[in-house]
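Per the working numbering, residue 341 is the first one in the sequence shown, and the count goes up by one each step. Working notes, structure below.
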Amino acid sequence: MSATVSAVVGATGYAGIAFLMALESTMVPLPSELVMPFAGFLAAEARLNIWLVIFFSGMGSLAGSLVSYYIGKFGGIPLVRKLGKYVLLDEEDLETSERWFAKYGERTIFICRFVPVVRHLISIPAGIAGMDIKRFCLYTVVGATIWNAILAWIGYLLRENWEILHHYMRPVSIVVFLLLSIALAIFFYKHVAKKIVGSKQ
């Protein structure tokens, strides 16, 4: 897969980056850890502009996420399962995404941009739940752009060694998710739980 990604990005530049990141944000299991570091490497070689790499990757992520959002909104779980068999969608991963969205709400859209596997499925439960489209786009663009920028800059710094990043990003992503989950729990306790308790007294 790495060779295919490199060939597409190398031949098509920004359009290829946007296209691959759009695929990554749908049900297609294409890791951004392969796309963005290589794009960053090309920027380091002066073949691409790093800021345009980040911009087009963010737009691609949004486009793909909107596809998944509307599949969830208008087709629901039956359509997701029907389409999922063509891209080897793991039912367990989809159920995990649904549980996270139900538990943590709309902020899950931002948080899950940093989490492997779940990031390309989380837009579906958002669509099923009818999440406000403006907030969905905001959380998606901010989260995806931050994550894509991190990967691109690391690839920029690693240069020809960009490919080693893919082997180390999964544990890093898990740590990031845990830290964000703790931060979200603290936020919930300070701003929501206390108000609920206070209103009952």
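For every residue, glycine included, the Cβ atom is placed at its ideal position computed from N, Cα and C. Keep in mind the model is a prediction, meaning the values are calculated, not measured.
DSSP places L461 outside any alpha helix (DSSP H), giving it a letter other than H or E. With distances taken between CA atoms, G350 lies nearest to F381 out of F381, E446 and A442. Of the candidates L402, F450 and T352, L402 places its Cα closest to the Cα of E364. For I411 against I464, the beta-carbon gap comes to about 7 angstroms, under 8 angstroms, which counts as contact. In the three-state DSSP reduction, A358 falls in the helix class (H, G or I).
Residue burial is scored here from C-beta neighbours: A484 has at least 16 other C-beta atoms within 10 angstroms and is therefore classed as buried.
Counting only the Cα atoms, F441 lies some 6 angstroms from T448.
By the neighbour-count criterion, in which a residue is buried when 16 or more other Cβ atoms sit within 10 angstroms of its Cβ, A355 is exposed. Boundaries of the alpha helix (DSSP H) harbouring L374: S372 to A384, taken from the DSSP string. Judged by their CB atoms, M367 and S408 are nearer to each other than the 8 angstroms cut-off. Only exposed fits R439, as fewer than 16 other CB atoms lie within 10 angstroms of its CB. In this structure V482 is in contact with F450, their Cβ atoms being roughly 6 angstroms apart against a cut-off of 8 angstroms. Around the beta-carbon of P418, fewer than 16 other beta-carbon atoms lie within 10 Å, marking it exposed. In the DSSP assignment, R475 falls within the alpha helix (DSSP H) that extends over I473 to L498.
By the neighbour-count criterion, in which a residue is buried when 16 or more other Cβ atoms sit within 10 angstroms of its Cβ, R459 is buried.
Excluding residues up to 5 positions away in sequence, F441 lie with their Cβ nearer than 7 angstroms to the Cβ of A469 in the same chain. By the neighbour-count criterion, in which a residue is buried when 16 or more other Cβ atoms sit within 10 angstroms of its Cβ, E385 is exposed. Boundaries for F454: no alpha helix (DSSP H) harbours it, and the DSSP string shows neither H nor E there. Contact check for P371 against G495 fails: the beta carbons are separated by 8 angstroms or more.
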